[in-house]
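Asker: Residue numbers (the numbering used here), protein chains in the order written: chain A, 1 to 259; chain B, 260 to 530.
C-beta atoms are modelled at their ideal positions from N, C-alpha and C, and glycine is treated no differently.
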Ligand SMILES: Nc1ncnc2c1ncn2[C@@H]1O[C@H](COP(=O)(O)OP(=O)(O)OP(=O)(O)O)[C@@H](O)[C@H]1O
Ligand SMILES: [Mg+2]
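Written out as structure tokens, the structure is:
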């Protein structure tokens, strides 16, 4: 198990808390270095999506601080910091083609015309969608739609790319292919990525680091660095046991709240 | 023997298939409606013999009248006048309801007020607006326009608001993540999302607008389908009253089937 190595961090979270009716995230600290591919694991309902939604600027945290490149930011208001998000569903505008979905997001950043089209084209090619630029989302398969969603997130050239179980709705084959694609994209772009998943296989296969969330309220249960020499089988074993523990605890918690 | 039986069954199947195909064609051609129409025409002729031309002119005379309207070109002038008034009145209602929709999308408080006003407008009689239009605008074009506007705006408004309330929140989150400004969000997410509601509102609203503005044309103006119907009633030409009524129905059908259906198909071509 490795602690956060010292900065400089691309993204740092300090003392982050969020509660709805119940505390969901409590005093969470996490630092992520530039170019890390972090896979986030944790039991159902522990607060992973909530964490990502806060980072995406969709929810306001109750307490805590978020720093990008060492600078404290409020992500819920428009700022010059850009976050790319790939949701569980593709969330494309169905009335716009793959290309114009991306061009629209670039227009919001003040990038127009030829430059925007070329950039959209570049990222669509990067995710393997050359030739499908003018397809409406309805005419693309689920996996292809998710690729457009990834291209869109990359096209805004985000500081951090957030992915919340992006492949969980796909069939195993597309899932496998897209995992490889994402690793390839990460290698070519060097993006900092946070990737939520429920699959230990997926996490140990694609990530450079694994962060395990505890049962609710979410804290960091542990963090593991991965490189070429890591024993993935043993790690999977260890993570599996820890995760099972947290899941049991989460279930006990659920039973409690129901009473 | 066996072959014979087989041949027989095949023949039966073929006959059955032919029967089905025939009934499909009959449906396609609205044959049942045509039969009903024929019955109505027969009853019409019988009754018109009994009551005379003034009360109920026979279909032949109505058709003659209709043909004259088309041949002399009279029909176009008045259809155009009516359509012009409806288009302006109804067009204003569409634009105003979209503008209000934009404001309502921003403020839930405003939404309550607009909904209440819509309810009040919805339960106001057409005649109130016609009378007020006479007082305010006198004998001008603007009377029927105003009436159309006041009658169609609650329909458009309630459709637009319902559409806005049903916009997919997940797409609005995409707009937030990618930093769309309010105008971009409204233009690229809200408006396309509510197109089905707008089209539905336009169909109902236009149909109502046509009926209402024709009534409003009885007062004040000297052109339009409504004016011509009333004028022909005055000069005892009931056959032409019927002819204009048919013109009205045809205009309605053409707008609905050709204009609105194709507009709606075009704006939703991505489906
Ligand atoms: N808008 C909300 N209002 C109230 N409670 C919420 C809201 N969003 C999330 N929660 C609660 O916060 C907790 C964490 O939810 P979250 O979706 O973050 O979990 P998760 O880790 O993503 O779960 P999963 O693995 O199933 O995706 C849950 O108990 C959930 O009920
Ligand atoms: Mg989740």
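1. Looking at the C-beta of residue 432/B, does it have a partner C-beta in chain A at a distance below 8 Å?
2. So which residues on chain B does residue 98/A lean against when the C-beta distance must stay under 7 Å?
3. Would you say residue 407/B touches ligand 1, meaning its beta carbon is less than 7 Å from a heavy atom?
4. Against chain B, which members of the segment 45–67 of chain A pass a CB distance test of less than 8 Å?
5. Let me make sure I understand the geometry here. Which of 255/A, 113/A, 224/A and 139/A has the alpha-carbon closest to that of residue 36/A?
6. Which class does residue 63/A belong to by DSSP, given the choice of helix, strand or coil?
7. According to DSSP, what are the bridge partners of residue 192/A?
8. Using the C-alpha atoms, what's the distance from residue 101/A back to residue 156/A?
9. Rounding to the nearest angstrom, what Cα-Cα distance links residue 256/A and residue 250/A in this structure?
10. Quick check: residue 505/B and residue 325/B, are their CB atoms within less than 8 Å of each other?
11. Since residue 85/A meets chain B, which of its residues come closer than 9 Å, beta carbon to beta carbon?
12. Is residue 48/A near ligand 1, judged by its Cβ being under 7 Å from some heavy atom?
13. Check distances from the C-beta atoms of the segment 99–127 of chain A to those of chain B and list, in chain order, the residues that come in under 8 Å.
14. Go ahead and pull the three-state DSSP assignment for residue 87/A.
15. Based on Cα-Cα distance, which residue from 177/A, 215/A, 25/A and 137/A lies nearest to residue 44/A?
16. Taking Cβ positions only, does residue 95/A come closer than 8 Å to chain B?
17. How far does the alpha helix (DSSP H) with residue 154/A in it extend, from its first residue to its last?
18. To the nearest angstrom, report how far apart residue 141/A and residue 175/A are at their CA atoms.
19. How is residue 134/A classed by DSSP in three states: helix, strand or coil?
20. Can you name, in chain order, every residue of its own chain whose Cβ lies under 7 Å from the Cβ of residue 304/B, other than the five neighbours on each side?
21. When you measure from the CB of residue 432/B to every non-hydrogen atom of ligand 2, does any distance come out below 7 Å?
22. So is the beta-carbon of residue 427/B under 7 Å away from any non-hydrogen atom of ligand 2?
Answerer: Answer, in terms of the structure:
1. yes
2. Scanning chain B for C-beta atoms nearer than 7 Å to the C-beta of residue 98/A yields nothing, as the closest lies near 12 Å away.
3. no
4. Contacts with chain B (Cβ-Cβ distance below 8 Å) from the segment 45–67 of chain A involve 56, 57 and 58, listed in chain order.
5. 224/A
6. It is a strand residue.
7. 160/A
8. 12 Å
9. 10 Å
10. yes
11. 432, 433, 436 and 437
12. yes
13. 104, 105, 107, 108 and 109
14. DSSP, reduced to helix, strand and coil, places residue 87/A outside both helices and strands of the structure shown, so it counts as coil.
15. Per the Cα distances, 215/A.
16. yes
17. 142–155
18. 13 Å
19. coil
20. 317 and 318
21. Checking every heavy atom of ligand 2 against the Cβ of residue 432/B, none is found closer than 7 Å.
22. no
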